[in-house]
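Enquirer: Sharing a structure below in structure tokens format, with a few things to ask.
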Amino acid sequence: MVPLNFCTFEPERTPADNFLGILLVVVGMAICLVPLRWWFIVRPQERHAPRAIQGTFKGWLTPWLLLLPTLTVLVLFLYYPFLDTFRLSTLIVQPRARRTPFVCMKNFTDLLGDPAYLRSLVITLAITAAIVVIGLLVSLLIASVAYQPIRGAGVYRTLLVWSYAISPAVAGLIFFVIFNPIGGIANHITNNLFGVQLAWFTDPNLAILSVILASVWKSLGFNILFYIAGLQNVPNDLREAAAIDGANTFQRFWLITVPMLSPITFFLVITNITYAFFDLFGTIDTMTAGGPVGATTTLIYRIYQDGFTEGRVSYAAAQSVILFLLVIGITYLQFRTTARRVTYGA
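Numbering (full-length UniProt numbering), first residue to last: 1 to 346.
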């Protein structure tokens, strides 16, 4: 048990708990407003700006008035929902219940001891790793071919990118038809070639594979678009010099092209991780609905099941907070470990 017994089993809210909630809101607002104050008040005083600019923004009120519409939208639809989600995670909220007992960190400690939740965490990490690795490798190979100066290259590149324009739910519906055991094209191919029909949605391993393939296809266009743009910026002089020195095609690609694409690869790793954590809900819901036997129940889908299907709002709120912190932590580790190996420029 995590050493939080001082607040884990409090039956009702007390004045101290209310003070703690208000303090959390104030701290959250301070986290959002202090950087803005530094940017618009402290930073202009530290730098020597031209007099015309100083005269225009001399008063402190003008910048805040200009930011008011944006801040209003951010507070209403981003900061307040996040803080309210954290508040709900410290309560026990039941539908149509009059009282919401304050339990502090009990929802979090229950999650850490829930085998079903830990299994969803492992499934999410495995699917995320597969989407990132397979998606980026396939995208880079396709982009390397589509980058070549051939007739009609613009048309081919447009066709490669269009999959990104559809929603994850539509992508899941397309692959549900493809992998449908009855009349699906996937089983038609396997039956004609190998004489077998696979149970794509009843076998746990095949269900995970089908979700991965659908998700990779969905993000393929986005990755290809950035890789093609990156390939166009790789200097030909470096590859020509390497060819003169005797480097073959693979060596030029691995030792010159891939390092030059490292900034784009780093960016795509972050975006694909975020996609795998948050945007798989539509794909999973239309393909497997989290099955079979929870094999494709990722963290985001478990939040939906607990919050909307089972009515455990507080439990789902705690999962949302953990998911947010998990993505932030993985992104931070990426910046700390991978960003230093990124090659910028020639």
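For each residue, glycine too, the CB sits at the ideal point set by N, CA and C.
Please read these numbers as outputs of a predicted model, since none were measured by experiment.
Ordered along the chain, which non-local residues of its own chain (more than five positions away) have a Cβ less than 7 Å from that of Y315?
Expert: Excluding sequence neighbours, Y315 sits near N107, D306.
Enquirer: If you draw a straight line from the C-alpha of R87 to the C-alpha of F226, how long is it?
Expert: Rounded to whole angstroms, R87 to F226 spans 39 Å at the Cα level.
Enquirer: Assuming the contact rule is C-beta atoms closer than 8 Å, T124 and V211 should be a hit. Round their C-beta distance to whole Å, please.
Expert: With 8 Å as the limit, T124 and V211 do not qualify as a contact, their Cβ atoms being about 11 Å apart.
Enquirer: Are A242 and I256 touching if we call contact CB-CB under 8 Å?
Expert: Yes.
Enquirer: Is L91 helix, strand or coil by DSSP?
Expert: Here L91 sits in strand by DSSP.
Enquirer: Assuming contact is defined by CB atoms lying nearer than 8 Å, are T331 and I270 in contact in what I supplied?
Expert: Against a cut-off of 8 Å, the Cβ pair of I270 and T331 comes out as a contact.
Enquirer: Given 8 Å as the limit, is there contact between the segment 231-246 and the segment 176-195, that is, 3 or more CB pairs closer than that?
Expert: These segments do not touch.
Enquirer: Tell me the DSSP secondary structure of F277 in three-state form.
Expert: Three-state DSSP puts F277 in a helix.
Enquirer: By alpha-carbon positions, which one of L91, I166, L68 ends up nearest to G282?
Expert: Cα-wise, what sits closest to G282 is I166.
Enquirer: List the DSSP bridge partners of F102.
Expert: Answer is L91.
Enquirer: Helix, strand or coil, according to DSSP, for F6 in the structure here?
Expert: Caution is warranted here: a pLDDT of 43 is assigned to F6, below 50, making its placement in the model unreliable, and no coordinate value can be reported.
Enquirer: If I'm right that D131 touches S215 with Cβ under 8 Å, what's the distance once you round it to whole angstroms?
Expert: Note on residue identity: the sequence assigns Ile, not Asp, to residue 131. Right, the Cβ-Cβ distance comes to about 5 Å (below 8 Å), so this counts as a contact.
Enquirer: Which residue's Cα is closest to the Cα of V145: T286, T337, I303, F253?
Expert: Checked all of T286, T337, I303, F253; the closest Cα to V145 is F253.
Enquirer: Within this structure, are the beta carbons of N223 and L268 separated by less than 8 Å?
Expert: A contact, by the Cβ cut-off of 8 Å.
Enquirer: Suppose the cutoff is 8 Å on Cβ atoms and the five residues either side in sequence are ignored; what does the same chain contact list for Y164 look like?
Expert: Once the five neighbours on either side are set aside, the close Cβ partners of Y164 are K218, S219, L220, G221, F222, L225.
Enquirer: Kindly list the residues whose CB is nearer than 6 Å to the CB of I185, restricted to its own chain and excluding five residues on each side of it in sequence; keep chain order.
Expert: Excluding positions up to five away in sequence, the list reads I178.
Enquirer: First and last residue of the alpha helix (DSSP H) that includes E240?
Expert: From DSSP, the alpha helix (DSSP H) with E240 extends over 236-244.
Enquirer: To the nearest angstrom, how far is it from the Cα of residue 347 to the Cα of I284?
Expert: Given a span of 1 to 346 for the chain in the structure shown, any question on residue 347 remains unanswerable.
Enquirer: With distances taken between CB atoms, is the gap from G135 to N272 smaller than 8 Å?
Expert: Yes; because the gap between Cβ atoms is below 8 Å, this pair is in contact.
Enquirer: So, helix, strand or coil for P81, using DSSP?
Expert: Looking at P81 - three-state DSSP - the assignment turns out to be helix.
Enquirer: Taking only three categories from DSSP, how would you classify V195?
Expert: Looking at the sequence itself, residue 195 is Gly, so the reference to Val does not match. Note: G195 maps to coil in three-state DSSP.
Enquirer: Could you tell me whether the Cβ atoms of R302 and Y80 are closer together than 8 Å?
Expert: Their beta carbons are not under 8 Å apart, which means R302 does not touch Y80 by this criterion.
Enquirer: Alpha carbon to alpha carbon, how far is D203 from F176?
Expert: Cα-Cα distance, rounded: 14 Å.
Enquirer: Starting from the C-beta of F9, find all residues in its chain whose C-beta is less than 6 Å away, skip the five residues before and the five after it, and write them out in chain order.
Expert: Note on F9: pLDDT 42, under 50, position unreliable in the model; the coordinate value appears next. For F9, where only same-chain residues beyond five positions count, there are no Cβ hits under 6 Å.
Enquirer: Around the C-beta of F194, are 16 or more other C-beta atoms found within 10 angstroms, so that it is buried, or is it exposed?
Expert: With fewer than 16 Cβ atoms within 10 Å of its Cβ, F194 is classed as exposed.
Enquirer: To which residues of the same chain is L213 closer than 8 Å at the C-beta, ignoring the five residues directly before and after it?
Expert: Contacts found: F175.
Enquirer: Taking only the alpha-carbon atoms, compute the straight-line gap between W64 and R151 and give it to the nearest angstrom.
Expert: The alpha-carbon atoms of W64 and R151 are separated by roughly 53 Å.
Enquirer: Secondary structure at W60, three-state DSSP: helix, strand or coil?
Expert: In the structure shown, W60 sits in coil (DSSP, three-state: anything other than H, G, I, E or B).
Enquirer: Give every residue of the same chain whose Cβ lies closer than 7 Å to the Cβ of T298, excluding the five residues on either side of it in the sequence, and list them in chain order.
Expert: Excluding residues within five positions, the ones whose Cβ falls inside 7 Å are S120, I123, T124, I127, L280, I284.
Enquirer: Where does F267 fall in DSSP's three states?
Expert: Three-state result, F267: helix.
Enquirer: Do you know how far the Cα of Q148 is from the Cα of V234?
Expert: One C-alpha to the other measures close to 13 Å.
Enquirer: Give a yes or no on whether the C-beta atoms belonging to I322 and L111 are separated by under 8 Å.
Expert: Cβ atoms of I322 and L111: closer than 8 Å.
Enquirer: So what does DSSP say about F179, is it helix, strand or coil?
Expert: DSSP places F179 in coil when its eight states are reduced to three.
Enquirer: What would DSSP say about S167, mapped onto helix, strand or coil?
Expert: Three-state result, S167: coil.
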